Amino acid sequence: MGRVTFGQDPVVEGVISGRMDETTGYRTVRPGGSASWLLFLTLSGQGRWSTEGEEGTVKPGEALLLPPLKAQDYGAVQDEWSFYWTHFHPSAGWADLLEWRTIGYTDPRIELRMVDLVTLSRGERRLAMNALEEILIRLSPPKGPRRDPRIESALSHIAAHLDEPLDIPTLAARARLSPDRFSRLFAAEVGEGPRDWVEARRLDHAERLLAATGLTVTRIAEACGFAHPFYFAARFKKRHGVGPSEWRGTDGVRGLRS
1 MGRVTFGQDP
11 VVEGVISGRM
21 DETTGYRTVR
31 PGGSASWLLF
41 LTLSGQGRWS
51 TEGEEGTVKP
61 GEALLLPPLK
71 AQDYGAVQDE
81 WSFYWTHFHP
91 SAGWADLLEW
101 RTIGYTDPRI
111 ELRMVDLVTL
121 SRGERRLAMN
131 ALEEILIRLS
141 PPKGPRRDPR
151 IESALSHIAA
161 HLDEPLDIPT
171 LAARARLSPD
181 RFSRLFAAEV
191 GEGPRDWVEA
201 RRLDHAERLL
211 AATGLTVTRI
221 AEACGFAHPF
231 YFAARFKKRH
241 GVGPSEWRGT
251 DGVRGLRS
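Residue numbering for the sequence shown follows the working numbering, starting at 1 and increasing by one per position.
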């Protein structure tokens with residue numbers, strides 16, 4: 001007899017991920033949806049899904065992204081369905097990475113990073129969020145003309161290494177471009193310069209850490225690649241109008257936790 005789960009919704013602080021190997025009859029139903037986003041990567045077999053007027057199936061090499069607070073019904077439709085799952089609360093800066101429902105993928109780095117994510121989500125939350133952001137960047141469909149692959153590679157590297165030096169000469173060397181050429185190409189492809197982009201992603205990551213951990217401001221500054229906590233606090237205050245310690249008690253941080 002099939003196994004049906006009703007209404008279970010895991011408590012998620014940031015991200016939690018795992019793998020399931022299911023058989024025919026497996027089904028999960030959440031009439032009120034989940035409080036978090038839910039990402040699937042199908043490894044083998046086939047799954048089916050529906051959410052408020054939308055429905056479909058997913059097979060190996062396909063990803064599914066279900067939004068929060070909408071009814072969910074998904075399960076196995078063949079002899080097996082093996083998949084990675086990830087419940088997560090996104091950063092405020094991830095909106096453009098979540099504008100899809102199903103998508104095919106061929107990049108092997110997506111599943112390799114998912115293996116990392118499963119392990120990291122059990123105890124290394126900030127690294128797990130970096131891994132998830134890289135996965136979503138690689139999955140997200142391009143808007144308009146496809147970006148230069150050297151800039152796509154730079155964006156993925158930035159997302160996965162926010163705690164490391166990300167100066168223009170370093171990024172340019174990875175792209176095999178001169179610093180000046182890299183800066184111009186990056187601005188043309190992304191819409192802002194690499195320094196501004198890196199700082200914005202670091203501040204996004206800092207918001208997640210302030211919301212989901214008890215790390216000190218000094219440790220968060222280090223984890224986000226800021227060399228000095230006072231500089232981090234000043235840049236954070238410029239964005240939010242208050243310093244990181246004060247922001248922890250505001251409605252903004254409560255929104256990230258919800």
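We treat Cβ as the ideally placed atom computed from N, Cα and C, and that holds for glycine. None of these values were measured; they are calculated from a predicted model.
Whole-angstrom distance between residue j and residue i, CA atom to CA atom
i	j	result
residue 184	residue 166	16 angstroms
residue 68	residue 52	12 angstroms
residue 17	residue 47	18 angstroms
residue 122	residue 240	30 angstroms
residue 174	residue 157	9 angstroms
residue 203	residue 79	45 angstroms
residue 222	residue 45	43 angstroms
residue 41	residue 83	5 angstroms
residue 116	residue 124	10 angstroms
residue 180	residue 107	30 angstroms
residue 55	residue 102	10 angstroms
residue 191	residue 57	36 angstroms
residue 226	residue 154	19 angstroms
residue 104	residue 141	10 angstroms
residue 133	residue 193	20 angstroms
residue 243	residue 235	9 angstroms
residue 27	residue 118	22 angstroms
Test item: CB-CB of residue i and residue j under 8 angstroms
i	j	result
residue 151	residue 186	yes
residue 73	residue 49	yes
residue 302	residue 30	Outside the shown range of the chain (1 to 258) lies residue 302, about which nothing can therefore be said.
residue 247	residue 210	yes
residue 128	residue 198	no
residue 162	residue 205	yes
residue 109	residue 131	no
residue 208	residue 91	yes
residue 201	residue 160	no
residue 37	residue 120	no
Bounding residues of the alpha helix (DSSP H) (the contiguous stretch that carries residue i)
i	result
residue 157	149-160
residue 174	168-175
residue 178	Segment: none, residue 178 is in no alpha helix (DSSP H) and carries neither H nor E.
Per DSSP, the bridge partner or partners of residue i
i	result
residue 21	82
residue 48	57 and 75
residue 42	83
residue 104	62
residue 88	15 and 37
Boundaries of the beta strand (DSSP E) in which residue i is found, first to last residue
i	result
residue 235	Residue 235 -> not in any beta strand (DSSP E); alpha helix (DSSP H) instead, spanning 229-240.
residue 57	54-58
residue 69	First-last for residue 69: undefined, no H or E at that position.
residue 27	27-30
Near the ligand GTP: residue i beta-carbon under 7 angstroms from a heavy atom
i	result
residue 163	This structure does not include the ligand GTP; it has no bound ligands of any sort.
Original post:
Would you call the stretch 56-63 and the stretch 87-96 touching, i.e. three or more CB-CB distances under 8 angstroms?
Top reply: no
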